[in-house]
Amino acid sequence: MLSKEEVKKIAKLARIDLADKEVEKFQKELSEILGYVEQLKEVDISGADLVGCSNQLKNIMREDEADEKPAKQREKLLESMPETPKESLGDPTGQAKDSYLKVKSILDEIN
Amino acid sequence: MKLTNLTIREANDGLKKKEFSVQELTLAFLENIKTKDKIINAFLAVCEDKARTRAKQIDEIINEKIRKGEEIDVLAGVPCAVKDNILAEGMKCTAASKILENYEAPYDATVVRQLKARDVVILGKTNLDEFGMGSSTENSAFGPTRNPVDPALVPGGSSGGSAAAVAADMSVFALGSDTGGSIRLPASFCGVVGLKPTYGAVSRRGLIAFASSLDTIGPLTKNVDDCEIVFDAIRGRDPLDSTSVESSKLKIENCKLENCKVGIPREYFGKGIDPEIEKVIKSVLQKCQDAGIKLEEISLPRAKYALACYYIIAPSEASANLSRYDGIKYGFSEKSAKDLMEVYSKSRGRGFGPEVRRRIMIGTYALSAGYYDAYYLKAQQVRALIKKDFDDAFKKVDMIFSPVSPFPPFKIGERVEDVLAMYLVDIYTVSVNLAGLPALSLPVGKAGDLPVGLQIIGKHFEEQKIFNFGKFLEKITKNFHE
Numbered sequence: 004m005l006s007k008e009e010v011k012k013i014a015k016l017a018r019i020d021l022a023d024k025e026v027e028k029f030q031k032e033l034s035e036i037l038g039y040v041e042q043l044k045e046v047d048i049s050g051a052d053l054v055g056c057s058n059q060l061k062n063i064m065r066e067d068e069a070d071e072k073p074a075k076q077r078e079k080l081l082e083s084m085p086e087t088p089k090e091s092l093g094d095p096t097g098q099a100k101d102s103y104l105k106v107k108s109i110l111d112e113i114n
Numbered sequence: 007m008k009l010t011n012l013t014i015r016e017a018n019d020g021l022k023k024k025e026f027s028v029q030e031l032t033l034a035f036l037e038n039i040k041t042k043d044k045i046i047n048a049f050l051a052v053c054e055d056k057a058r059t060r061a062k063q064i065d066e067i068i069n070e071k072i073r074k075g076e077e078i079d080v081l082a083g084v085p086c087a088v089k090d091n092i093l094a095e096g097m098k099c100t101a102a103s104k105i106l107e108n109y110e111a112p113y114d115a116t117v118v119r120q121l122k123a124r125d126v127v128i129l130g131k132t133n134l135d136e137f138g139m140g141s142s143t144e145n146s147a148f149g150p151t152r153n154p155v156d157p158a159l160v161p162g163g164s165s166g167g168s169a170a171a172v173a174a175d176m177s178v179f180a181l182g183s184d185t186g187g188s189i190r191l192p193a194s195f196c197g198v199v200g201l202k203p204t205y206g207a208v209s210r211r212g213l214i215a216f217a218s219s220l221d222t223i224g225p226l227t228k229n230v231d232d233c234e235i236v237f238d239a240i241r242g243r244d245p246l247d248s249t250s251v252e253s254s255k256l257k258i259e260n261c262k263l264e265n266c267k268v269g270i271p272r273e274y275f276g277k278g279i280d281p282e283i284e285k286v287i288k289s290v291l292q293k294c295q296d297a298g299i300k301l302e303e304i305s306l307p308r309a310k311y312a313l314a315c316y317y318i319i320a321p322s323e324a325s326a327n328l329s330r331y332d333g334i335k336y337g338f339s340e341k342s343a344k345d346l347m348e349v350y351s352k353s354r355g356r357g358f359g360p361e362v363r364r365r366i367m368i369g370t371y372a373l374s375a376g377y378y379d380a381y382y383l384k385a386q387q388v389r390a391l392i393k394k395d396f397d398d399a400f401k402k403v404d405m406i407f408s409p410v411s412p413f414p415p416f417k418i419g420e421r422v423e424d425v426l427a428m429y430l431v432d433i434y435t436v437s438v439n440l441a442g443l444p445a446l447s448l449p450v451g452k453a454g455d456l457p458v459g460l461q462i463i464g465k466h467f468e469e470q471k472i473f474n475f476g477k478f479l480e481k482i483t484k485n486f487h488e
């Protein structure tokens, strides 16, 4: 059975916020699932050939050349962002040459 | 003749003979959706205007071709539906999740591009379990889909919307995705045909990724012939999916049923299977034997570990694939977040449903330091052995038959609280994904009033043999679409 601390640690690693009352529910459910998959311990894996796992897939190579994506597609992708660069740059004309993506501060204050 | 009851070939026939137009056909389906979908909830989005416009264009294309005496593509003008984890440009693609509730697809998935090139009419996007995680379509953030056979029951999942759309005559065919049984199970529960192709036969580009070594896209159709038509339209190597492989159709001479042996895995008919389902499957096997098909008992010794193996590998890959939903690039972003960590954890905490959070956390745990060897590595080793069991069996037989599900369709709400009870529904389907094999779900009878699907598993890239067997079984069980 996973402890509450372990559940909170997993949630933090997964970057998923859990409400306090949810921790207990997930504690029970995750423990159940892990309990079920424990049975893999008993499998004798001698003779397991990991290399042959895929359908004889081989690595595919191509020239390391940049693909000129049409500007229209870049526009579309930028439109999906929750905080569009045009807004964050305060540029009403939307003519900003280099699009920036605004995120919360990564660095702390220097003490 | 009810327009919404037609197969692809029947629709094509009617269009060629000008018995009806693409617009009339499309309207008939849009009407059906209006009347039936309030209850069934198969569609998350219906693109009525786009469909009508496209139908008009295709009518002009077809009329021009008839005038010139040219061939009409078998798929031209055929209305279809697409599971809402497959991108269709200009339409929302939600993966049935709050985290993508307002996300608009910036491009077409390769399979959508391929079908559009064949002049299909897309009616809309269908409901699914969130991110493909589930076996009943109850994990959708936008309400469950109901089984058209009995609306109190689940349609199966995760492609429940697609299966229900085809079963309820709201679409001629639909695209679904299958990671652990998500095409085959709803096909079985709704009484339609569903194909999980060989891993790599169909491009995954534009499919919202769940577990990249297991995900496949495939058709749900009214009969096997339609299934083959759609599969042929979407198969092929795609430079944008490096795991896709060019595969050519097997020559018919190599697929004669008289020369094929069918394997019946003894481990799949033990305890746990519903007696009504077992009766139906055994009766089909008897009919096969009576028709001269050679049946042979085979063993898949590690089959019993497939579910445990899947429920480590799939969540692990999912935890990696779903890390992209961070509230930054697209999707739901928690505005009240105070710092970067809160942007991530609050957006994901609020945007993801419970099953998705469960699976991400299992995956995170299985991949974390100290646990990777015991869980993920071990599961991949067991996976290699499960695949070896199939390879060994396929040295003796050409096909493997099994039930699709040990249980008939269950009531909505019946299993949703018991996580393991829900997972057990996939017990016959997951091993096929682990081994990358193709498999068809074919309706072969009823348990009471409820449809029962037979699973036909083939060797890698031998979908042709599966189709041949499927068509043969349709005849001998007289279950083909009329």
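One line per chain: the protein sequences are A and B, in this order. Under my numbering, the first sequence has 38 at position 35, and the numbering climbs by one with no breaks. Under my numbering, the second sequence has 116 at position 110, and the numbering climbs by one with no breaks. Beta carbons are placed, not taken as given, at the ideal position from N, Cα and C, and that holds for glycine. This one's a predicted model, so the numbers in the text were calculated from it and none came from an experiment.
Considering only residues of the same chain and omitting the five flanking positions on each side of residue i, which have a CB-CB separation below 7 Å?
i      : result
B:G130 : F49, A51, V52, C53 and A87
B:E488 : Any reading at B:E488 must be qualified, since the residue scores a pLDDT of 40, below 50, and its modelled position is unreliable; no value is offered.
A:M4   : S34
B:Y336 : Y109
B:D19  : none
B:T278 : This sequence places Gly at residue 278 of chain B; Thr is not what is there. Around B:G278: P412.
B:L373 : S322, S325 and Y382
B:Y331 : I105, G337, R354 and G357
B:I64  : V28, A82, G83, D125 and V127
So with CB distances below 8 Å, who are the chain A contacts of residue i?
i      : result
B:D345 : K107 and S108
B:I318 : V40 and L43
Below 8 Å on C-beta distance, what does residue i contact in chain B?
i     : result
A:D20 : E348, S351, K352, R354, G355 and R356
A:Q76 : P112 and Y113
A:E32 : R364 and V425
What does the alpha-carbon distance come out to for the pair residue i and residue j?
i      : j      : result
A:G97  : B:Q470 : Residue confidence is low: A:G97 scores 46 on pLDDT, short of 50, so the model does not pin down where it sits. Its coordinate-derived value is still stated next. One C-alpha to the other measures close to 53 Å.
B:K477 : B:E282 : 24 Å
B:N69  : B:A171 : 28 Å
A:S83  : B:V251 : 31 Å
B:K3   : B:E16  : There is no way to answer for residue 3 of chain B, as the model of chain B reaches only from 7 to 488.
B:A399 : B:I392 : 11 Å
B:Q386 : B:Y311 : 12 Å
B:S103 : B:K394 : 36 Å
A:R77  : B:G242 : 27 Å
B:L93  : B:E144 : 22 Å
B:V236 : B:I223 : 11 Å
B:A297 : B:I463 : 20 Å
A:L16  : B:A375 : 11 Å
B:G96  : B:G182 : 19 Å
B:V268 : B:K74  : 47 Å
B:R272 : B:P409 : 12 Å
B:E420 : B:M428 : 9 Å
A:L37  : B:G359 : 20 Å
B:R119 : B:D184 : 20 Å
B:G163 : B:L448 : 16 Å
Can you name, in chain order, every residue of its own chain whose Cβ lies under 6 Å from the Cβ of residue i, other than the five neighbours on each side?
i      : result
B:A57  : T32, V127 and L129
B:A169 : P161, P192, A193, C196, V198 and L226
B:A101 : N91, F137 and I214
B:A61  : V28, Q29, T32 and V127
Closer than 7 Å by beta-carbon distance: list the chain B residues that pair up with residue i, in chain order.
i     : result
A:A14 : M367
A:A17 : S325, I366, M367 and T370
A:E35 : V425 and L426
Note down, in chain order, each residue of its chain lying with its Cβ closer than 8 Å to the Cβ of residue i, except the 5 sequence neighbours on either side.
i      : result
B:D247 : T116, S209, R210 and R211
B:V450 : V286, I287, V290, V458, G459, L460, L479, T483 and N485
A:R18  : none
For a contact defined as C-beta to C-beta under 9 Å, what are the partners of residue i on chain A?
i      : result
B:G333 : P85
B:V388 : L43, V46, I48 and A51
B:S374 : K12, I13 and L16
Out of the options, state which residue places its alpha-carbon closest to the alpha-carbon of residue i.
i      : options                           : result
B:C266 : B:F407, B:A385 and B:C233         : B:F407
B:D455 : B:I482, B:Y434, B:N474 and B:P415 : B:P415
B:P85  : B:N11, B:F467, B:Y350 and B:T151  : B:N11
B:Y434 : B:S183, B:A147 and B:R308         : B:R308
B:I318 : A:E41, A:D70, A:Q30 and A:L110    : A:E41
B:E25  : B:S218, B:K300 and B:L9           : B:L9
B:L42  : B:K71, B:E302, B:D175 and B:L446  : Before going further, note that residue 42 of chain B is Lys rather than Leu in the sequence given. If we check each option's Cα against that of B:K42, B:D175 comes out closest.
B:E284 : B:P444, B:N327, B:K452 and B:L301 : B:K452
Under 7 Å Cβ-Cβ, which residues of chain A neighbour residue i?
i      : result
B:S322 : None at all; the shortest Cβ gap to chain A is about 11 Å.
B:C315 : L43
List the residues of chain B that residue i touches, going by C-beta distances under 9 Å, in chain order.
i     : result
A:V26 : Within chain B, no residue comes near A:V26; the closest Cβ sits about 11 Å away, beyond 9 Å.
A:A69 : In chain order: nothing, as chain B lies at least about 15 Å away.
May I ask you to list, following chain order, the residues of the segment 230-244 of chain B that have a beta carbon less than 8 Å from some beta carbon of chain D? The question asks about chain D, but that chain is absent: this structure's protein chains are A and B.
Counting only runs of 4+ residues fully inside the segment 165-229 of chain B, write out the alpha helix (DSSP H) ranges in chain order. 166-173 and 190-196
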